[in-house]
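Have a look at the structure below before the remarks.
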Amino acid sequence: MAAHDPTALIHHPYQPPAGFEAPQAGVFKASTVIFPNVAAMRARDWKHKHGYTYGLHGTPTTFTLEERIAHLEHGLQCVLAPSGLAAIALVDMALLQHGDEVLIPANAYGPGKDFAAQQLAGWGITHRFYDPLDAAGLDAMIGPATKLVWLEAPGSVTMEFPDLRGLVAVARARGVRTALDNTWGAGIAFDGFDLGQGLGCDVVMQALTKFPSGGGDVLMGSVTTRDEALHLKIKLAHMRLGLGVAANDAELVLRSLPSIALRYHAHDRAARALAAWLQQRPEIARVLHPALEGSPGHEHWRSLCTAAAGLFSVVFEPRYTPAQVDGFCDALRLFKLGYSWGGPVSLVVPYDLKAMRNPVPYDGTLVRFSIGLEEDEALRADLAQALAGLG
Ligand SMILES: *Cc1c(COP(=O)(O)O)cnc(C)c1O
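Counting with our numbering, you get residues 186 to 576 for the letters of the sequence shown.
Structural data, given as structure tokens:
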């Protein structure tokens with residue numbers, strides 16, 4: 186009997202027939218990429234999608250996802266990052282240098298603000314927070330050191346929908362780049378590169394963790410552009426930082442993308458129904474949902490958007506203590522306590538506004554809901570039983 190031949194096991198000559206086609210793209214996993222000869226090894230250009238050099242610089246799986254996200258965002262180029270937060274940090278690190286200033290909306294995603302306050306500050310990059318409903322105020326803040334304006338629509342947790350056109354017009358007139366955190370809009374509610382009136386953002390970032398994944402089981406971010414030189418600047422920083430995403434994670438997002446619009450609109454419809462219902466409840470002082478009349482920035486949402494994500498916050502009447510509101514959250518059964526959104530499970534988080542915003546915009550405890558894909562009626566019953574327990 187022949188001895189086991191490990192070399193033949195590694196270099197076995199069988200090649201599967203070419204031309205395999207299936208609904209889902211194949212999954213390619215590699216650190217090492219093999220070249221046919223030295224000339225090819227030396228000639229490969231990793232900056233463009235002409236070929237492959239090393240797993241970190243892209244595989245057919247990650248290239249395919251980048252192209253589809255660029256399409257979703259109405260952009261031309263895209264790079265993937267290991268999380269939404271990593272995508273925010275990548276934009277900051279690619280576009281800012283020692284001595285520069287970045288302006289961030291006061292209601293922006295908290296960890297992104299923290300990255301500016303803790304990491305960028307240590308590198309000599311300063312930041313200030315601006316009121317996203319006040320374009321003239323932004324204009325007054327822009328100075329010679331200002332190199333980047335972040336935008337987020339609506340703001341995390343307090344849900345004010347910014348005057349995006351006004352803010353972008355101001356930044357453009359002053360020659361400052363804009364970067365939009367488009368996690369909420371997801372490329373569906375509005376087009377970050379075309380806000381109308383000839384205005385658009387320079388960079389559109391998204392936490393693919395949310396709607397593109399849709400499962401609550403993947404962490405990923407994207408940075409999309411429409412300008413080759415700007416893309417290359419981001420791509421170079423991406424390469425130098427060694428940011429990569431796993432093929433199996435890219436596969437999960439690729440599998441979820443075809444249903445993103447169906448899911449987005451289902452989350453939207455259910456969230457609007459529940460937000461309207463909560464607005465009628467005596468325990469609730471305010472419902473913060475950009476599609477609701479009277480919610481901060483509603484007019485900006487209405488002039489720009491065709492949809493809204495399944496996300497809203499409520500402010501409880503000040504007569505309820507934070508401990509009572511915690512009790513309400515604990516009493517929910519279908520709504521689970523957890524961060525993130527865009528997945529099938531409805532989520533709830535009580536926030537301490539005093540730790541997040543100065544000045545504090547609302548008197549009363551705020552609770553943020555992410556509406557999943559359960560039936561409205563079941564979610565409404567769950568909210569009703571937890572509200573009844575408030576006393
Ligand atoms: C979740 C989120 C992020 C960060 O995404 P992660 O993948 O969790 O790091 C950034 N911005 C917004 C608006 C988010 O909701």
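Note that the Cβ used here is the ideal one computed from N, Cα and C, for glycine as well.
Determine the burial state of residue i: buried for a count of at least 16 other Cβ atoms within 10 Å of its Cβ, exposed for fewer.
i	result
His196	exposed
Ala306	exposed
Ala455	buried
Val361	buried
Cys485	Note that residue 485 is His in the sequence shown here, rather than Cys. So His485 ends up on the buried side.
Gly226	It is worth fixing the name first, because residue 226 is Met in this sequence and not Gly. With fewer than 16 other Cβ atoms within 10 Å, it is exposed.
Gly482	buried
Asp230	exposed
Leu421	exposed
Glu436	buried
Trp335	buried
Gln303	exposed
Asn367	buried
Tyr449	buried
Val223	exposed
Gln262	buried
Ala563	exposed
Glu258	buried
At a threshold of 7 Å, does residue i count as lining ligand 1 (C-beta to nearest heavy atom)?
i	result
Asp453	no
Ser407	no
Trp369	yes
Gly269	yes
Ser341	yes
Ile254	no
Thr192	no
Glu345	no
Ala374	no
Ile556	no
Tyr449	no
Thr410	no
Leu463	no
Tyr536	no
Ser525	yes
Thr394	yes
Leu352	no
Glu206	no
Ile273	yes
Asp402	no
Asp577	A question about residue 577 goes unanswered here, because the residues of the chain that appear run from 186 up to 576.
Asp366	yes
Glu337	yes
Arg294	Here residue 294 turns out to be Tyr, not Arg, going by the sequence shown. Correct: Tyr294 has its Cβ closer than 7 Å to ligand 1.
Do you know whose CA, among the options, lies nearest residue i's CA?
i	options	result
Ala210	Thr247, Pro475 and Ile219	Thr247
Pro297	Ala224, Leu365, Leu473 and Pro329	At residue 297 the sequence reads Gly, which differs from the Pro that was named. Comparing Cα positions, the closest option is Leu365.
Lys214	Gly429, Leu288 and Ser525	Gly429
Thr363	Ala371, Ile373, Leu380 and Trp369	Leu380
Ile254	Met278, Ser398 and Met226	Ser398
Leu281	Ala371, Ala291 and Leu333	Leu333
Ser268	Gly574, Leu261 and Gln391	Gln391
Leu242	Ala266, Leu257, Thr550 and Asn222	Going by the sequence as given, residue 242 is His instead of Leu. When only C-alpha atoms are compared, the closest one is Ala266.
Arg440	Gly576, Ser216, Trp526 and Thr249	Thr249
Leu572	Ala516, Tyr536, Phe554 and Asp319	Ala516
Asp324	Arg357, His312, Ala338 and Met344	Arg357
Leu532	Lys521, Leu538 and Arg542	Lys521
Lys234	Phe346, Glu251 and Ala291	Glu251
Leu463	Pro475, Tyr449, Ala451 and Ser498	Ser498
Ala476	Asp453, Pro467, Gln465 and Ala291	Asp453
Leu426	Asp511, Val264 and Thr217	Val264
Gly528	His474, Phe554, Pro507 and Ile469	Phe554
Ala291	Leu261, Glu345, Gly523 and Gly372	Glu345
Ile327	Ala302, Trp308, Val276 and Val287	Val287
Pro317	Leu447, Tyr294, Asp387 and His256	Tyr294
Ile289	Gly370, Cys490 and Arg542	Arg542
Can you find a CB in chain C that lies within less than 8 Å of the CB of residue i?
i	result
Val353	The structure shown contains no chain C, having only a single protein chain.
To which residues of the same chain is residue i closer than 8 Å at the C-beta, ignoring the five residues directly before and after it?
i	result
Ser444	Gly399
Ala320	Asp348, Gly351, Leu352, Ala354 and Val355
Lys418	Ala279 and Leu280
Gly240	Lys214, Ala215, Ser216, Thr217, Val218 and Gly429
Pro507	Pro535, Asp537 and Thr550
Glu468	Phe501, Glu502, Tyr505, Leu572 and Leu575
Below 7 Å CB to CB, which residues in the same chain sit around residue i once its five sequence neighbours on both sides are set aside?
i	result
Gln382	Arg350
Thr238	Val218, Arg229 and Trp231
Who are the Cβ neighbours of residue i in its own chain at under 6 Å, not counting the five residues just before and after it?
i	result
Ala274	Phe300
Ile310	Leu281 and Asp285
Problem set entry | Ranges of the beta strand (DSSP E) found wholly within the segment 430 to 480, counting only runs of at least 3 | For the segment 430 to 480, whole beta strand (DSSP E) runs of length 3 or above, ordered along the chain, are 469 to 473.
Exercise. What alpha helix (DSSP H) runs, 4 residues minimum, are completely inside the segment 232 to 267?
Worked result: DSSP runs (the alpha helix (DSSP H)) wholly in the segment 232 to 267: 245 to 257.
For this session: With a floor of 3 residues, list each beta strand (DSSP E) that falls wholly inside the segment 355 to 410, ordered by position along the chain.
Result: 362 to 366, 388 to 392 and 406 to 410
For this session: For the segment 273 to 347, list the beta strand (DSSP E) runs that are entirely contained and at least 3 residues long, ordered along the chain.
Result: 286 to 290, 311 to 315 and 331 to 337
Exercise. Considering only residues of the segment 503 to 565, which uninterrupted alpha helix (DSSP H) runs meet the minimum length of 4 residues and lie entirely inside it, listed in chain order?
Worked result: 507 to 516 and 538 to 541
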